[in-house]
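Notes to accompany the following structure.
Residue numbers (the numbering used here): 671 to 758.
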């Protein structure tokens, strides 16, 4: 199951949490740079149906799409300073 990343405004979180049928809940996830140990921690809406790997993938995708991080095929994560592709 993949859930597109959406901005977590207080209104969005409040609406999701008030919905008794929503499987989504906020989760704080940290991704570490495998080169230098830099941490990126953020709050993400994830689903009760997601595996641990799928929840991590939500955070990784957000960092790649929005913060200049890179993730390779074997699961290593690189902060913008150590990513092979320069941050835009």
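Here a beta-carbon is modelled for each residue, glycine too, at the ideal position from N, C-alpha and C.
{"Item": "Examine the Cβ distances between the stretch 680-695 and the stretch 725-740 and report whether three or more of them are shorter than 8 Å.", "Value": "no"}
{"Item": "Tell me which same chain residues have a C-beta within less than 7 Å of the C-beta of residue 753, skipping the five on either side of it?", "Value": "738, 739 and 740"}
{"Item": "According to the Cβ coordinates, are residue 747 and residue 703 closer than 9 Å?", "Value": "yes"}
{"Item": "Which residue comes first and which comes last in the beta strand (DSSP E) that contains residue 686?", "Value": "Element bounds for residue 686: not the beta strand (DSSP E) but the alpha helix (DSSP H), 680-688."}
{"Item": "Let me check you understand the geometry: is the CB of residue 748 closer than 8 Å to at least one non-hydrogen atom of the ligand SAM?", "Value": "Because no ligand of any kind appears in the structure shown, any question about the ligand SAM cannot be addressed here."}
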